[in-house]
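Number of protein chains: 2
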Amino acid sequence: MRIVGTLEIVFSKALPMEAKDDIEKVIEYLNNDYLKKGTKDPNEAANIESFEIGEDRLIIKLNTGSKVRIDEASLRIRNVLSSILGRNYKIGVRNLKLTEPKILLDGIISVSISLPFIKKVYSEERRTIVELNDLFESDLKKPIFLRLLRLIEEKEKRYRWGGKAEHWILLKNSSTKPVLFYEDPNKILEEIGWIKRTSIGQWIYTPPLTHLLNSLKELFLDEVIKPLGFEEAIFPKMYPLEVGLKTGHLKGVINSMVFASLPKSYNISEFEPLIDYMTVMDEAPPKELQKYVEPPSYFLCFAQCEPFYWFFENEILDDNLLPVKWYDMSGPSFRWEAGGIHGIERIIEFHRIEVVWLGKPEQVIDIRNRLLEKYEYFLDKVLDLEWRLAWVTPWFYEHSGIVEEKIEIDIDRPGTVDIEVWLPYKGSREENKNWLEVGNISIHGTKFTQSFRIKHNKDETLWTGCSGFGSERWLIALLAQKGFDPSSWPKKYLEYVKRKPFPKSISTITYPKTKEGREALHQIDTKMRV
Amino acid sequence: MRIVGTLEIVFSKALPMEAKDDIEKVIEYLNNDYLKKGTKDPNEAANIESFEIGEDRLIIKLNTGSKVRIDEASLRIRNVLSSILGRNYKIGVRNLKLTEPKILLDGIISVSISLPFIKKVYSEERRTIVELNDLFESDLKKPIFLRLLRLIEEKEKRYRWGGKAEHWILLKNSSTKPVLFYEDPNKILEEIGWIKRTSIGQWIYTPPLTHLLNSLKELFLDEVIKPLGFEEAIFPKMYPLEVGLKTGHLKGVINSMVFASLPKSYNISEFEPLIDYMTVMDEAPPKELQKYVEPPSYFLCFAQCEPFYWFFENEILDDNLLPVKWYDMSGPSFRWEAGGIHGIERIIEFHRIEVVWLGKPEQVIDIRNRLLEKYEYFLDKVLDLEWRLAWVTPWFYEHSGIVEEKIEIDIDRPGTVDIEVWLPYKGSREENKNWLEVGNISIHGTKFTQSFRIKHNKDETLWTGCSGFGSERWLIALLAQKGFDPSSWPKKYLEYVKRKPFPKSISTITYPKTKEGREALHQIDTKMRV
Chain A
1 MRIVGTLEIV FSKALPMEAK DDIEKVIEYL NNDYLKKGTK DPNEAANIES
51 FEIGEDRLII KLNTGSKVRI DEASLRIRNV LSSILGRNYK IGVRNLKLTE
101 PKILLDGIIS VSISLPFIKK VYSEERRTIV ELNDLFESDL KKPIFLRLLR
151 LIEEKEKRYR WGGKAEHWIL LKNSSTKPVL FYEDPNKILE EIGWIKRTSI
201 GQWIYTPPLT HLLNSLKELF LDEVIKPLGF EEAIFPKMYP LEVGLKTGHL
251 KGVINSMVFA SLPKSYNISE FEPLIDYMTV MDEAPPKELQ KYVEPPSYFL
301 CFAQCEPFYW FFENEILDDN LLPVKWYDMS GPSFRWEAGG IHGIERIIEF
351 HRIEVVWLGK PEQVIDIRNR LLEKYEYFLD KVLDLEWRLA WVTPWFYEHS
401 GIVEEKIEID IDRPGTVDIE VWLPYKGSRE ENKNWLEVGN ISIHGTKFTQ
451 SFRIKHNKDE TLWTGCSGFG SERWLIALLA QKGFDPSSWP KKYLEYVKRK
501 PFPKSISTIT YPKTKEGREA LHQIDTKMRV
Chain S
1 MRIVGTLEIV FSKALPMEAK DDIEKVIEYL NNDYLKKGTK DPNEAANIES
51 FEIGEDRLII KLNTGSKVRI DEASLRIRNV LSSILGRNYK IGVRNLKLTE
101 PKILLDGIIS VSISLPFIKK VYSEERRTIV ELNDLFESDL KKPIFLRLLR
151 LIEEKEKRYR WGGKAEHWIL LKNSSTKPVL FYEDPNKILE EIGWIKRTSI
201 GQWIYTPPLT HLLNSLKELF LDEVIKPLGF EEAIFPKMYP LEVGLKTGHL
251 KGVINSMVFA SLPKSYNISE FEPLIDYMTV MDEAPPKELQ KYVEPPSYFL
301 CFAQCEPFYW FFENEILDDN LLPVKWYDMS GPSFRWEAGG IHGIERIIEF
351 HRIEVVWLGK PEQVIDIRNR LLEKYEYFLD KVLDLEWRLA WVTPWFYEHS
401 GIVEEKIEID IDRPGTVDIE VWLPYKGSRE ENKNWLEVGN ISIHGTKFTQ
451 SFRIKHNKDE TLWTGCSGFG SERWLIALLA QKGFDPSSWP KKYLEYVKRK
501 PFPKSISTIT YPKTKEGREA LHQIDTKMRV
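Read top to bottom, the protein sequences are chains A and S.
The first sequence: position 509 = 509 (the UniProt record's numbering), numbered continuously.
The second sequence: position 83 = 83 (the UniProt record's numbering), numbered continuously.
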């Protein structure tokens, strides 16, 4: 990346001859020394290519890299000149203007021209040229310019990185286990009516499925979460947009988010035309409704851990408190999925036990390690599943729209471990597509403590971690490997299921829908009651 | 209400003299007999005021009431004429047109002029006149016309009824009990940091408060819900608008609902200008965002029972299944409140155990009665609260935008019982404003079985019922009367709280915020651990 432009400095009065000599010396010093400071690579620093001294002004052609950027270079030049000319001749800087600034990028990159300061974007010979409007001193001091350059830098990196968005490195896997079942549990659950689809990717779970889910969640809490000292909290499930800016989700996964809007008025009489229309036409037209609601100012629970960082926003913590270990299971998450929705395996509205922690780096890593151990025990010994763990692109890098250039396994650095279980109904265990991600464990480094400004009283570094247990997916994974005969279920899980009487299935004239479904329900329901 | 208009019937050919005589007789029969059928009040029936027989047509001036309405009258006239003229002269009806139809209403009523068929609305001398466009046969046959008249009728009733929207009749109350505490538990909970406000009417509950809430929910389930055989289900928490049309909420409480929208595209590159803007400006502008999302096609969980009726939509049930008794506690409800938001007593996002049932009327009434008994036991014996029960305007009448004209206590008819608890911190028990509604029990009659077309295989009538247990409000009510010293708490509740170790409070450099808060936390936290 190169940044070029012409810096025009207007002084408070005409320059005497001696001042012109001084300026030449200053420019030499700047070019050889001060404009090179801050990077070891002179290419990434700033360079004065030429200059011209006028009666009361100085015109400088600048060409800079990405470390000492043109804005920083302009301000350094201004400061040095103002200090020397002020001291020697009582001359000040009246005006600073960067004309025709241009950013020259390798590769073809799309940058939105609706951005402030951007005049024109075009490409020639595999380069993208971003022309900016003229910038004044106040513009150069704004972080907006810095963020704009960061955005472009990121896009440039992403361009060079290409489409290699998927990284997956096997960490560990279980032994292969005898296959008991080859059917799709999603299909069976719908056929026997334990679940009923209400809308795209949304379902009602009847009491039998609710009971199986609850039993699995309780078992997970008892075996994994509670022994490690995590305590339950209740997090809201709708967040102002600003929270999504801070977590990065609004930048990284905005296409999968569901947004919420408030009514424009609390006075119901203002809705009368719409209510009249709905009453007479018996339909609710979204476009009409939109006129009565505010633009979306919230998004629905996406990662479920958002409120944890939000809770500690701007707080100063001390050692007595740390580490904090909480979990939340108080409501659903929403993830819009355009394709690939399937049963309760891949859904729009789903349920998760979200485990979160906060502490010093060594505490956060230690908790992650202990959690990982427990997960392995839970997968292998408690549920007896065929599983594997993988090191994947740190999710928050993806989710925040930032892309890292390389991936390496360093378990003590921020990153994510995916937990996957084989689904025999999908096909051979050799193919990746036949494995289901049921959860993950991440440590985020300072990503969230920084953006939510969570501080330590002795300025020590604070990290966070989170882990999501996708309830529906764990149950599907279990049923996919073990089937619907409880005698094949892991002993401990069966014990939890048997703690309470098995709930009634819904069976009546038109439900389940098909004769096959009703027969299958009868068989499965009978086995549950043995 | 009067409806007037001119009906023009064009026949398939010119009328012979004899036919004109027949028509005169037919009109006499219609006016004295057929147009009066369907109501005992001749004023509410239809009347032919005058008529004129042309060469091939008949022009009739009609004036009708609200029982045999002008559309129905027009079709009756058409049918009789077509049958007689067809038989005697092979003459058919070629065309039917109602010109200049007008609805004359008592009182000043606002009707949206954007409604289809409406030409003009104006008022004169305390009457409202609704002029419709000319209507043809196909219009007269549409239910839209019927619904329009119903809408106007309802508005007319509401106008006459005035603002008397609140009905409240005491059913039963507890004895007065000794007052232990006069402080506002909401204030204390925030001060000691057990809850933290994140956004308008939304809070994060830390583990100590979560534990108190969970203990109360468990106690309620064990004492009230499970002994009556209710089983847990999991309901979605976001519903398509059509569901709100069927429950009536979209018409009755649209001003308190939160709406949800999906992204327009699943392709993240289409969001690039917005993402670039958010990255550079570090803000998420709702108006910009709105351009990238669809108009709202969902609403967030409002009454929490919606999915229950939705589940049984279009199903045919038999006696073996009935009654169905479920509850859901899988996530939050959202209710936009413009004013009066206070602590966790009145909030935007809240948690509820929603109890629902479905059966024949006697089953539904019986379940309601048993539930009411258990509630009373729970309030009085288990929690030892000062409480009262009130019969209120059937909520669904209010909620669906329909207003009933009188209220009477007939406990076996559809209606709602409110459960209220006194909040000593608000003031004297004599004043209504110092009582908090913590829940209610409703039976809906056929309201939902009708709109969701839930049928019985032998065509017997099916009713539904629901009851909401507002978790936060019950806890606030308990703390408001008993305070924060567990030794004053009801024995059974304390037993549930003591089942698990009391969770850690958050106490660190900047949290709780004030010195008083930190001291109060220390005192309360210590008592919890005794």
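We put the beta carbon where it would ideally sit given N, CA and C, even for glycine.
The structure presented is a predicted model; accordingly, all values stated were derived computationally and were not measured.
Continuous alpha helix (DSSP H) stretch holding M528 of chain A: start and end = For this step, residue 528 of chain A is matched to residue 528 along the first sequence. Residues K515 to M528.
Alpha carbon of S112 of chain A to alpha carbon of V258 of chain A, nearest angstrom | Numbered from 1 along the first sequence, position 112 holds the residue referred to as residue 112 of chain A. Numbered from 1 along the first sequence, position 258 holds the residue referred to as residue 258 of chain A. Take the alpha-carbon of S112 of chain A and the one of V258 of chain A: they are about 24 Å apart.
Report buried or exposed for Q523 of chain S, applying the criterion of at least 16 other Cβ atoms within 10 angstroms of its Cβ.
-> The sequence position of residue 523 of chain S within the second sequence is 523, counting from 1. Counting other Cβ atoms within 10 Å of its Cβ, Q523 of chain S stays below 16 and is therefore classed as exposed.
Is P208 of chain S helix, strand or coil by DSSP?
-> By 1-based counting over the second sequence, the position of residue 208 of chain S is 208. Helix at P208 of chain S.
By DSSP, does G38 of chain S sit in helix, in strand, or in coil?
-> As a working mapping, residue 38 of chain S is identified with position 38 in the second sequence. Note: G38 of chain S maps to coil in three-state DSSP.
Among S:V121, S:N214 and S:T64, which residue has its Cα nearest to the Cα of F502 of chain S?
-> If you number the second sequence from 1, residue 502 of chain S lands on position 502. That would be S:N214, whose Cα lies nearest to the Cα of F502 of chain S.
Would you mind reading off the limits of the beta strand (DSSP E) that contains E182 of chain S?
-> Translated into positions along the second sequence, residue 182 of chain S becomes position 182. The amino acid at residue 182 of chain S is misidentified as Glu; the sequence shows Tyr. Y182 of chain S -> no beta strand (DSSP E), and no H or E assigned at all.
Is I195 of chain S near Y205 of chain S, with beta carbons less than 8 Å apart?
-> Along the second sequence, read from residue 1 onward, the residue named residue 195 of chain S stands at position 195. Along the second sequence, read from residue 1 onward, the residue named residue 205 of chain S stands at position 205. In this structure, Y205 of chain S lies closer than 8 Å to I195 of chain S by Cβ.
Mind listing, in chain order, the continuous alpha helix (DSSP H) runs of no fewer than 4 residues lying wholly within the stretch 230-306 of chain S?
-> As for any alpha helix (DSSP H) of minimum length 4 sitting wholly inside the stretch 230-306 of chain S, the runs are 241-247, 249-252, 272-281 and 286-290, ordered along the chain.
On the three-pair Cβ rule with 8 Å, is the stretch 295-315 of chain A touching the stretch 444-459 of chain A?
-> When Cβ pairs closer than 8 Å are counted between the two stretches, the stretch 295-315 of chain A is seen to touch the stretch 444-459 of chain A, the count reaching three or more.
Determine the burial state of residue 577 of chain A: buried for a count of at least 16 other Cβ atoms within 10 Å of its Cβ, exposed for fewer.
-> The first residue shown for chain A is 1 and the last is 530, placing residue 577 of chain A beyond what the model contains.
Relative to the C-alpha of V93 of chain A, which residue among A:T99, A:D380, A:V80 and A:P240 is closest?
-> Taking the first sequence and counting its residues from 1, one reaches residue 93 of chain A at position 93. Of the candidates A:T99, A:D380, A:V80 and A:P240, the one whose C-alpha sits nearest the C-alpha of V93 of chain A is A:V80.
Euclidean distance between Cα positions of L385 of chain A and P486 of chain A | Here residue 385 of chain A refers to the residue found at position 385 when the first sequence is read from its first residue. Here residue 486 of chain A refers to the residue found at position 486 when the first sequence is read from its first residue. Counting only the Cα atoms, P486 of chain A lies some 15 Å from L385 of chain A.
Proximity winner among S:M278, S:S265, S:L216 and S:P296, relative to I254 of chain S (alpha-carbon distances) = Translated into the one-based positions of the second sequence, residue 254 of chain S becomes position 254. The option with the nearest alpha carbon to I254 of chain S is S:P296.
Which residues in the same chain have their Cβ closer than 6 Å to the Cβ of G427 of chain A, if we skip the five residues on either side of it in sequence?
-> Within the first sequence, numbered from 1, the residue matching residue 427 of chain A stands at position 427. Cβ within range, chain order: N434.
Using the rule of at least 16 other Cβ atoms within 10 Å of the residue's Cβ for burial, across every protein chain shown, is residue 553 of chain S buried or exposed?
-> Lying before the first or after the last residue shown, residue 553 of chain S is absent from chain S, which here runs from 1 to 530.
What residue range is occupied by the uninterrupted alpha helix (DSSP H) comprising R368 of chain S?
-> Along the second sequence, read from residue 1 onward, the residue named residue 368 of chain S stands at position 368. Note, R368 of chain S: alpha helix (DSSP H), P361 to Y377.
Whose Cβ in chain A lies nearer than 7 Å to the Cβ of D41 of chain S?
-> Residue numbering aside, residue 41 of chain S sits at position 41 when the second sequence is read from its first letter. The contacting residues do not exist; D41 of chain S stays about 25 Å from chain A at best.
Okay, do the stretch 266-283 of chain S and the stretch 258-270 of chain A touch, 3+ Cβ pairs below 8 Å being the bar?
-> No, the stretch 266-283 of chain S does not touch the stretch 258-270 of chain A.
Neighbour list for K251 of chain A in chain S, Cβ cutoff strictly below 8 Å | Mapped onto the first sequence, residue 251 of chain A falls at position 251. Per Cβ cutoff of 8 Å: I275, M278 and T279.
With C-beta atoms as the reference, is I443 of chain A less than 8 Å away from D328 of chain A?
-> Translated into the one-based positions of the first sequence, residue 443 of chain A becomes position 443. Translated into the one-based positions of the first sequence, residue 328 of chain A becomes position 328. No. Outside cutoff.
In angstroms with no decimal places, state the Cα-to-Cα distance between K177 of chain S and R473 of chain S.
-> Translated into the one-based positions of the second sequence, residue 177 of chain S becomes position 177. Translated into the one-based positions of the second sequence, residue 473 of chain S becomes position 473. Using only the alpha carbons, I get a separation of about 19 Å.
Check each candidate in S:P323, S:A338 and S:D22 and name the one with the smallest Cα separation from S83 of chain S.
-> In the second sequence, the residue the question calls residue 83 of chain S occupies position 83. Measuring from the Cα of S83 of chain S, the nearest candidate turns out to be S:D22.
Going straight from the alpha carbon of P143 of chain A to that of R150 of chain A, what length do you get?
-> Sequence index remark: in the first sequence, residue 143 of chain A carries index 143 (1-based). Sequence index remark: in the first sequence, residue 150 of chain A carries index 150 (1-based). When rounded, the separation of the alpha-carbon atoms in P143 of chain A and R150 of chain A is 10 Å.
Is it buried or exposed for M17 of chain A, if we count other Cβ within 10 angstroms and need 16 for buried?
-> Taking the first sequence and counting its residues from 1, the one referred to as residue 17 of chain A is at position 17. With fewer than 16 Cβ atoms within 10 Å of its Cβ, M17 of chain A is classed as exposed.
Within 10 angstroms of the Cβ of N186 of chain S, are there 16 or more other Cβ atoms? Answer buried if so, exposed if not.
-> The residue given as residue 186 of chain S occupies position 186 in the second sequence. Burial call: buried.
Which word fits I454 of chain A, buried or exposed, when buried means at least 16 other C-beta atoms lie within 10 angstroms of its C-beta?
-> Stepping through the first sequence from its first residue, residue 454 of chain A is reached at position 454. So I454 of chain A counts as buried.
At a Cβ threshold of 8 Å, is E398 of chain A touching chain S?
-> Residue 398 of chain A sits at position 398 when you count from the first residue of the first sequence. Only weak support is given to the placement of E398 of chain A: the predicted model assigns it a pLDDT of 45, under 50, and the value that follows is read from those uncertain coordinates. Answer no: the Cβ-Cβ gap between E398 of chain A and chain S never drops below 8 Å.
Verify the CB distance criterion: does G163 of chain S have a CB-CB separation below 8 Å to chain A?
-> Walking along the second sequence from the start, residue 163 of chain S turns up at place 163. Confidence at G163 of chain S is low in this model, with a pLDDT of 47, below 50, so its placement is unreliable and no value can be given for it.
Under 8 Å between C-beta atoms of G356 of chain A and P490 of chain A = Within the first sequence, the letter at position 356 stands for residue 356 of chain A. Within the first sequence, the letter at position 490 stands for residue 490 of chain A. A small correction: the amino acid at residue 356 of chain A is Val; Gly does not occupy that position in the sequence shown. Not a contact, by the Cβ cut-off of 8 Å.
Does any C-beta atom of chain S lie closer than 8 Å to the C-beta of D282 of chain A?
-> The sequence position of residue 282 of chain A within the first sequence is 282, counting from 1. Interface residue, yes.
Burial state of W168 of chain A (16 or more Cβ within 10 Å) = Here residue 168 of chain A refers to the residue found at position 168 of the first sequence. By the 10 Å Cβ count, W168 of chain A comes out exposed.
I108 of chain A classed as buried or exposed, judged by whether at least 16 other C-beta atoms fall within 10 angstroms | By one-based count along the first sequence, residue 108 of chain A stands at place 108. Flag for I108 of chain A reads exposed.
Within the 8 Å Cβ cut-off, does W395 of chain A reach chain S?
-> Residue numbering aside, residue 395 of chain A sits at position 395 when the first sequence is read from its first letter. Its pLDDT being 38, under 50, W395 of chain A is placed unreliably by the model, and nothing is read from it.
Could you spell out where the alpha helix (DSSP H) holding L7 of chain A opens and where it closes?
-> Numbered from its first residue, the first sequence carries residue 7 of chain A at position 7. For L7 of chain A, no alpha helix (DSSP H) segment is defined; the enclosing uninterrupted segment is the beta strand (DSSP E) at R2 to F11.
With 8 Å as the C-beta to C-beta threshold (strictly closer), list the residues of the stretch 182-213 of chain A near chain S in chain order.
-> Cβ contacts with chain S: K196, T198, S199, Q202, W203, I204, Y205, T206, P207, L209, T210, H211 and L213.
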